[in-house]
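Trainee:
2 protein chains.
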Amino acid sequence: MFRFPSLLLSRRLHRRKLSSTPSRPPSLPLSHPIYLIWGSNTGVGKTLVSAGIAASSLLSSATTPSQFHYLKPLQTGFPADSDSRFVLNKLRQLSLLRNPNVHLSSSHRVLNVSPAVLDTNLLPGEVGRGHSELHCKTLYAWEEAVSPHLAAEREGLAVQDSVVLETLGECFEYVVERGAGRERSDVLCVVETAGGVASPGPSGTLQCDLYRPFRIPAVLVGDGRLGGISGTISAYESLTLRGYDVVAVAFEDHGLLNEGPLMSYMRNKVPVLVLPPIPRDPSNDLMEWFESSHRIFTNLKEIMLSAYFERIKKLQDMPREARDIIWWPFTQHKLVPDGGVTVIDSRCGENFSIFKKTEVIAPQFDACASWWTQGPDAIMQAELAREMGYTAARFGHVMFPENVHEPALNCAKLLLQGVGKGWASRTYFSDNGSTAIEIALKMAFRKFSVDHGFIVDCHDDTTNERPTELMVLALQRSYHGDTLGAMEAQAPSSYTGFLQQPWYTGRGLFLDPPSVFMHNNTWNISIPEGYVWESQKGQSITFSSSDEVFHKGRDKSELATVYSSYISKVLSRFKESNNVGALIMEPVIQGAGGMHMVDPLFQRVLVNECRSRKIPVIFDEVFTGFWRLGVETAAELIHCVPDIACFGKLLTGGIIPLAVTLATNAVFDSFIGDSKLKALLHGHSYSAHAMGCAAAVKSIQWFKDPCSNSNITSEGRLLRELWDDKMVCRISSHPAIQRVVTLGTLFVLELKGEGASAGYGSLYARPLIEKLREDGIYMRPLGNVIYLLCGPCTSPEICNQLLIKLHRQLEEFYGCKN
Amino acid sequence: MFRFPSLLLSRRLHRRKLSSTPSRPPSLPLSHPIYLIWGSNTGVGKTLVSAGIAASSLLSSATTPSQFHYLKPLQTGFPADSDSRFVLNKLRQLSLLRNPNVHLSSSHRVLNVSPAVLDTNLLPGEVGRGHSELHCKTLYAWEEAVSPHLAAEREGLAVQDSVVLETLGECFEYVVERGAGRERSDVLCVVETAGGVASPGPSGTLQCDLYRPFRIPAVLVGDGRLGGISGTISAYESLTLRGYDVVAVAFEDHGLLNEGPLMSYMRNKVPVLVLPPIPRDPSNDLMEWFESSHRIFTNLKEIMLSAYFERIKKLQDMPREARDIIWWPFTQHKLVPDGGVTVIDSRCGENFSIFKKTEVIAPQFDACASWWTQGPDAIMQAELAREMGYTAARFGHVMFPENVHEPALNCAKLLLQGVGKGWASRTYFSDNGSTAIEIALKMAFRKFSVDHGFIVDCHDDTTNERPTELMVLALQRSYHGDTLGAMEAQAPSSYTGFLQQPWYTGRGLFLDPPSVFMHNNTWNISIPEGYVWESQKGQSITFSSSDEVFHKGRDKSELATVYSSYISKVLSRFKESNNVGALIMEPVIQGAGGMHMVDPLFQRVLVNECRSRKIPVIFDEVFTGFWRLGVETAAELIHCVPDIACFGKLLTGGIIPLAVTLATNAVFDSFIGDSKLKALLHGHSYSAHAMGCAAAVKSIQWFKDPCSNSNITSEGRLLRELWDDKMVCRISSHPAIQRVVTLGTLFVLELKGEGASAGYGSLYARPLIEKLREDGIYMRPLGNVIYLLCGPCTSPEICNQLLIKLHRQLEEFYGCKN
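Protein chains in written order, with the numbering used here: chain A, 1 to 818; chain B, 1 to 818.
(1) Which residues, taken in chain order from the segment 368-385 of chain A, show a beta carbon closer than 8 Å to some beta carbon of chain B?
(2) Taking the DSSP output, what are the residues bridged to Q701/B?
(3) Does any residue of chain B have a CB that is nearer than 8 Å to the CB of A307/A?
(4) What runs of the alpha helix (DSSP H), each 4 residues or longer, lie entirely inside the segment 156-191 of chain A?
(5) Below 8 Å, how does it come out for the segment 751-768 of chain A and the segment 776-786 of chain A: are there three or more Cβ pairs, yes or no?
(6) Going by CA-CA distance only, name the one from V44/B, F448/B, A736/B that's closest to G196/B.
(7) Using 8 Å for Cβ pairs, my map puts G485/B next to T483/A. What's the rounded Cβ distance?
(8) What is the DSSP secondary structure of G759/B, counted as helix, strand or coil?
(9) For N112/A, name the three-state secondary structure that DSSP assigns.
(10) Where do the ends of the alpha helix (DSSP H) carrying S230/A lie?
(11) At the level of alpha carbons, what is the spacing between E558/B and T542/B?
(12) I need the boundaries of the beta strand (DSSP E) containing R573/B, first residue and last residue.
(13) Is there at least one Cβ from chain A nearer than 8 Å to R347/B's Cβ?
(14) Does the pairing of the segment 642-662 of chain A with the segment 692-701 of chain A give three or more beta-carbon distances under 8 Å?
(15) Nearest-angstrom Cα distance between S564/A and L680/A?
(16) DSSP puts V823/B in a beta bridge; with which residues?
(17) When the Cα atoms are used, what is the spatial distance from G389/B to C189/B?
(18) Listing by chain order, which chain A residues have their CB less than 8 Å from the CB of S264/B?
(19) What separation, rounded to the nearest whole angstrom, lies between the Cα atoms of A250/A and I296/A?
(20) For V87/B, I'd like the list of residues in its chain whose CB is within less than 7 Å of its CB, leaving aside the five on either flank, ordered along the chain.
(21) For T427/B, which three-state DSSP category applies?
(22) Within a Cβ cutoff of 6 Å, which residues of the same chain sit near L36/A, ignoring the five residues on either side of it in sequence?
(23) Do R717/A and N711/A have their CB atoms nearer than 8 Å?
(24) Taking 8 Å as the cut-off, decide whether the C-beta atoms of S234/A and S238/B are in contact.
(25) From the DSSP output, which residues share a beta bridge with S132/B?
(26) Quick one: any contact between the segment 391-401 of chain B and the segment 324-331 of chain A, if contact means 3 or more CB pairs under 8 Å?
(27) By the 10 Å Cβ neighbour count, where 16 or more other Cβ atoms means buried, how is T561/A classified, buried or exposed?
(28) Quick check on L96/A: buried or exposed, where buried means 16 or more other Cβ atoms within 10 Å of its Cβ?
(29) Would you mind sorting S824/A into buried or exposed? The rule is 16 or more other CB atoms within 10 Å of its CB.
(30) Look up I437/B in the DSSP assignment and say whether it is helix, strand or coil.
(31) Assuming C646/A is part of the beta strand (DSSP E), what are its boundary residues?
Set out below in structure tokens:
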């Protein structure tokens with residue numbers, strides 16, 4: 001008489017191995033609607049709402065049979081309490097009562113229980129013959145009727161967050177499998193949480209944080225009692241403060257008209273549904289209540305379905321709409337292939353959640369660190385989001401000149417104690433790296449002009465007479481931003497031609513720096529033409545480790561003298577016709593120019609040469625700052641300090657734009673005078689905006705605190721090594737690879753390529769990149785150079801997974817085992 | 001035997017007039033600690049906590065007598081329930097029990113009750129002889145034991161939010177008065193809220209929103225029951241999401257170890273205190289409970305005191321610390337007077353909350369709109385804050401090229417349907433106005449070069465050969481931003497000399513535009529030298545209203561021909577040696593150049609002249625866009641459209657930096673080709689960042705929706721007139737005034753000044769500005785030009801108050817009645 005669906009035949013309680021990294025990161029299928037049912041408190045009727053939705057799904061008079069999946073990931077008080085069983089029983093009762101013609105096939109499974117719970121107490125799954133199916137599952141159950149974290153601690157069956165997610169992901173896969181061939185709306189799955197939205201799960205993680213990687217759309221069961229308006233609104237805010245979309249609020253009527261203020265608060269956002277009072281008499285079988293709330297549940301189900309369809313449609317339409325109206329930066333629109341637009345539904349820590357054509361929202365590791373900005377893992381992102389909400393509510397934006405607010409002041413203090421320690425005395429805030437550079441140049445030129453006697457009287461400066469022509473000393477392959485001033489300080493490149501900016505002239509003396517890279521597991525220095533080094537002409541210089549490259553002892557090497565002579569020669573050649581008003585360089589790594597590592601010894605010698613000539617030194621740390629290279633500031637790697645330094649990107653953890661230019665007091669003093677016209681008249685309307693500064697404060701502290709960042713070594717000055725030695729060695733020895741650079745959070749690889757295959761315009765890496773994206777790694781090449789960037793908090797295990805995938809794809813692509 | 005403090009003698013129930021604008025905006029005194037007591041739910045023991053704090057304040061064995069003020073702003077269920085009376089009674093009992101040597105003088109007042117409550121039911125205030133004083137006040141009371149909004153509706157005594165705040169402000173003044181001469185820590189005031197944090201007040205406004213203008217530091221009474229972890233965390237999040245600082249969480253122990261997860265969540269933020277279980281027996285007088293929790297309350301009081309002292313110290317130190325390490329934009333540090341640094345503790349809608357030397361946090365209307373960025377009132381700011389929390393949690397930041405996410409797409413759609421309607425097809429996001437301009441110039445130059453045949457092959461563009469020298473056509477007094485490219489497009493000024501940016505050359509043809517202003521209640525056009533207008537030489541042109549100035553019918557006037565000839569003459573003069581690659585101008589109002597209004601007819605003629613010569617037209621709407629001038633885009637005022645337009649500032653409502661450059665499809669097409677090198681290679685790492693786009697979506701919709709913005713006229717295309725005609729007339733006729741301009745949210749006034757008194761470097765307006773700041777208006781001059789900016793939602797009543805204050809100060813300053 002009873003038929004068991006094949007997958008449900010086995011009642012084996014399989015306890016999963018508790019691994020720290022899920023074998024597969026969680027994906028959310030979109031083939032059918034899946035919802036999370038949250039409660040604004042415990043005991044507000046989540047299970048009744050789940051059952052009500054199930055009833056309106058399964059027991060309607062619609063002609064097509066349907067499936068309903070009820071999942072209860074965390075059940076305490078088991079087996080005495082079992083929400084799964086309750087739903088099952090109620091649906092059986094209702095099915096008999098309401099629509100005897102509808103055949104309901106139902107099952108009930110419990111996957112994992114704590115040792116305290118006896119197997120014999122489990123209710124066996126029963127499946128009735130028929131077309132419509134109800135599948136109820138409890139994923140983890142404990143005996144004591146307390147919060148899961150307490151029960152788990154007391155009874156065993158401690159379970160890690162990643163394992164809960166993995167199990168839930170498998171249940172979703174079953175929903176897809178079971179629903180194959182059915183209409184979208186004929187299958188519905190609800191996941192009922194335990195307690196309130198911020199009640200802890202078994203590991204202690206709050207459930208609203210625990211389930212976040214899926215970002216499943218939500219139904220919130222509100223509270224109709226006295227105080228329930230507040231509880232419902234606060235619960236709603238906790239959900240939205242974690243990026244959830246709540247599609248409906250439903251609550252039991254207690255006669256207090258709570259719907260008024262709730263509807264007013266939710267206006268234009270979320271429908272509010274009022275359920276009839278629930279009989280309190282335990283002997284009441286609630287059949288009457290379900291009947292009286294039938295229409296409301298049908299309404300709720302319709303809301304859930306239409307929100308689902310709307311989401312699907314939006315996700316499907318987005319690529320086309322974007323192509324029609326968006327103008328992407330650094331993108332040749334004609335070369336964006338069909339299907340080449342990535343729909344990013346959300347991000348959780350280091351991972352994007354991508355909408356895939358296979359109708360799934362899947363994670364993709366953001367190995368670009370979203371244009372080199374990202375630092376947070378999921379926990380830090382949640383913390384920053386709360387900080388953003390608080391700061392926007394407290395300050396919004398408040399203007400800065402001659403004013404002070406807490407986030408700006410705290411941020412300035414942390415900057416001077418951190419990346420500016422030992423040299424900087426002043427902080428000048430702006431909006432992005434490019435503006436920070438423009439400010440730095442203005443500072444440097446003024447300092448230079450004052451030091452070299454170009455400025456006598458500043459009171460009338462509108463004549464536009466130029467006492468001298470100033471230029472910068474900079475490096476080939478440098479990149480300092482896209483605004484004209486920043487561009488002028490960089491050598492001619494693909495970014496600077498007439499086609500891009502007709503006003504660019506390149507007002508610099510551009511030195512060709514020696515570069516460092518790894519190949520065949522050996523570090524090499526490549527010295528360009530123009531350097532006079534008789535004793536080693538034609539020979540390459542190698543190092544066995546990057547530590548050797550950075551060693552300060554190299555100051556005494558012959559190479560130091562070679563560098564010094566080269567720099568002096570170039571500077572002397574231009575001395576008469578021009579004045580070099582500033583040195584500007586990216587310390588150690590030249591980012592957009594192709595991720596080249598410059599010999600740190602060369603940069604140190606260069607700084608010293610400039611200092612002896614009273615040329616102000618600017619470090620462009622927009623890319624390199626804040627642990628990007630494994631230290632808080634790349635200045636530490638080259639063992640010298642600048643007069644001015646620019647920071648951006650990771651400064652705020654990557655959550656919001658903000659930049660800062662730090663300067664010495666001597667630089668600051670060159671702007672002091674009796675006239676406002678002598679002040680630095682540069683400022684953007686959002687200078688030192690509170691949200692940016694607050695994010696920076698939180699991030700600066702977070703990254704360097706071993707309690708929040710387990711990558712910080714005990715001395716607190718260095719990140720531990722994130723890239724596995726062996727994998728780096730294998731990749732650097734691969735025949736398809738020109739060079740490798742690893743430093744801090746950065747792993748760079750240049751593919752061998754010649755002619756059209758090389759350079760920024762090259763599309764050479766594209767097919768490889770596409771494969772890697774399919775494999776769950778989001779990358780974007782710089783021509784034939786590709787790179788992986790993790791965050792300062794990313795675990796070496798995750799980094800290693802990236803390297804393994806990269807290596808696998810390299811082998812598949814270039815067919816060369818090594 | 002009993003002594004009544006003088007101010008308490010009268011028991012008159014004074015019901016305040018319900019006015020829409022408080023006579024005095026609320027200030028929070030800092031002479032003594034004041035705290036808000038919030039509950040994470042109703043019935044969690046707020047009043048017991050208040051009483052406990054009172055006991056540890058008043059009944060300690062300290063030698064100095066102290067004062068405790070207990071305020072209950074909203075009491076329902078009165079007089080049966082009266083938390084005020086409860087605190088009073090418990091303290092009397094405790095005083096007898098605990099420390100008979102401490103003499104407690106106590107009073108109890110009820111200020112306003114609903115008509116349903118009989119006066120005879122009021123408990124008379126009693127004051128015992130002694131040194132320590134307890135003052136208990138109920139501010140508003142209703143009979144029914146429901147939420148205040150329901151009680152108010154049913155019983156009368158509807159009371160507006162502003163009135164509740166005003167009453168509370170008066171109570172604070174009493175605290176200051178009564179505590180005069182006492183040590184800071186010898187006076188403590190707690191304000192106990194009703195129900196949960198988001199329970200509605202009498203007007204329906206949630207209490208967490210209602211009390212926000214004071215931003216009183218908070219103590220949260222948590223929930224120790226099952227589900228209480230969640231409720232406590234959510235309540236905490238609702239408070240922080242409104243910018244409150246919570247200094248401690250205290251909750252009643254129910255044996256569920258809720259402190260574990262709460263402490264873990266609050267780690268490094270807020271101390272969590274556990275109170276012993278409260279006896280449930282109604283006959284229990286709780287004396288034993290108070291005794292057993294005595295140490296915890298002492299601890300809590302100490303936490304409150306030390307947080308208070310810390311805050312005071314921080315506020316006092318901030319100006320000095322800021323002067324030491326901050327480098328302000330556009331600020332001559334030497335000229336910042338002692339005491340000239342403004343400490344902004346927070347903002348609420350259009351008002352800063354300023355820390356004043358008189359030890360008070362007071363509102364100051366931000367008439368600079370924080371460098372022209374601000375739009376939100378308090379309600380919109382709260383809404384934006386929630387949106388920021390949600391978006392940061394959902395997206396953080398995700399990179400943009402070839403990607404799409406919901407906020408960016410929605411924002412792009414709204415831009416093209418709004419400010420770009422009828423002409424724009426593409427949206428290019430960047431970080432601020434200056435970068436948006438740099439992008440616009442690159443777009444325009446490309447379009448021009450393609451149209452005029454300067455670009456043939458784009459595949460090799462690194463040669464830096466310049467087919468031609470391009471320049472812009474721009475206006476004198478224009479200002480387009482501080483980065484070099486934007487600066488090059490503006491005429492020489494104080495901002496552009498060698499002192500500021502040695503690289504500036506001014507690559508423009510700068511026309512001298514006719515300007516419009518009001519004087520003596522008449523609109524005038526001032527035509528500069530160089531225009532040939534024989535028929536009216538030397539005569540001034542006047543208009544009776546600004547509508548006339550903007551009237552499209554002026555196209556047929558003789559002046560149109562005069563303008564056209566002038567433009568043709570200038571353009572023809574430069575045609576051979578240079579190529580004008582773009583027109584760039586701020587439509588209608590030139591902002592940073594001194595808030596000059598350009599004759600709209602001139603700008604329309606200019607656009608037409610350029611279009612006929614295939615010169616791309618750029619509108620710099622960074623300042624003028626999004627209702628700043630009373631229309632969504634200033635292009636509407638000059639009745640013509642650009643090829644490219646830049647927006648920033650108000651784009652996000654002013655909460656977060658974001659800018660956008662809109663362009664036509666024809667402009668976009670000039671970047672399409674087979675090579676990536678032909679694409680627009682300009683982008684910032686935070687391009688189209690999700691938070692910025694989400695804020696823009698919310699703001700664009702909010703400003704133009706009559707439901708959220710009551711200044712929108714029924715047609716939805718125009719803001720109603722915000723500046724009172726009569727006041728504008730009076731000010732424009734004042735002898736000290738050179739000119740006035742009013743348009744949309746802008747009111748400009750130029751003070752008569754000559755020589756050193758005029759121009760950007762002038763300090764002429766400074767004393768006036770200082771007086772206005774004392775009077776509660778925050779302004780910052782542009783030399784001898786001062787202005788008031790409100791938001792698109794600011795009520796005309798508030799604007800009028802500003803004008804009245806301004807006029808009063810003008811009269812006091814310049815002693816001329818008119």
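Cβ coordinates follow ideal geometry from the N, Cα and C atoms, glycine included.
Because the structure is a prediction, the values reported are computed rather than measured.
Mentor: To lay it out plainly:
(1) The segment 368-385 of chain A vs chain B, Cβ under 8 Å: C368, S370, W371, W372, T373, Q374, P376, Q381, A382, L384, A385.
(2) In DSSP, Q701/B forms no bridge with anything.
(3) Taking Cβ atoms only, chain B never reaches closer than 8 Å to A307/A, which makes this a no.
(4) Those alpha helix (DSSP H) runs which fall completely within the segment 156-191 of chain A and span 4+ residues are 161-179.
(5) Yes, since at least three Cβ pairs between the segment 751-768 of chain A and the segment 776-786 of chain A fall closer than 8 Å, the two stretches touch.
(6) Among V44/B, F448/B, A736/B, the Cα nearest to that of G196/B belongs to V44/B.
(7) Contact flag correct, Cβ pair sits at about 6 Å.
(8) Three-state result, G759/B: coil.
(9) Strand.
(10) Counting along the chain, the alpha helix (DSSP H) containing S230/A begins and ends at 228-240.
(11) Answer to the nearest angstrom: the Cα atoms are 14 Å apart.
(12) The continuous stretches of beta strand (DSSP E) do not include R573/B, which lies in the alpha helix (DSSP H) extending over residues 558-574.
(13) For R347/B, the answer is yes, since a Cβ of chain A falls inside 8 Å of its Cβ.
(14) Below 8 Å, enough C-beta pairs join the segment 642-662 of chain A and the segment 692-701 of chain A to call them touching: three or more.
(15) One Cα belongs to S564/A, the other to L680/A, and the distance between them is close to 34 Å.
(16) Absent from the model: residue 823/B. The displayed extent of chain B is 1 to 818, so no value can be given.
(17) In this model, G389/B and C189/B are separated by some 32 Å (Cα to Cα).
(18) Listed along chain A are G204, each with a C-beta nearer than 8 Å to that of S264/B.
(19) Taking the straight line joining both Cα atoms gives about 9 Å.
(20) Cβ neighbours of V87/B beyond the five flanking positions: T47, S50, A51, A54, Y70, C136.
(21) T427/B falls in the strand class under three-state DSSP.
(22) So the qualifying residues of the chain are V191, I216, A218.
(23) Between R717/A and N711/A, the C-beta gap is not smaller than 8 Å, which leaves the two residues out of contact.
(24) A contact, by the Cβ cut-off of 8 Å.
(25) According to DSSP, residue pairing for S132/B in a beta bridge involves L104/B.
(26) In this structure the segment 391-401 of chain B touches the segment 324-331 of chain A; the number of beta carbon pairs closer than 8 Å is three or more.
(27) Under the 10 Å beta carbon count, T561/A is surrounded by fewer than 16 other beta carbons and is classified as exposed.
(28) With fewer than 16 other Cβ atoms from the protein chains shown falling within 10 Å of its own Cβ, L96/A counts as exposed.
(29) Any answer about residue 824/A is impossible in this case: the structure gives chain A only from 1 up to 818.
(30) Helix.
(31) For C646/A, the enclosing beta strand (DSSP E) begins and ends at 644-647.
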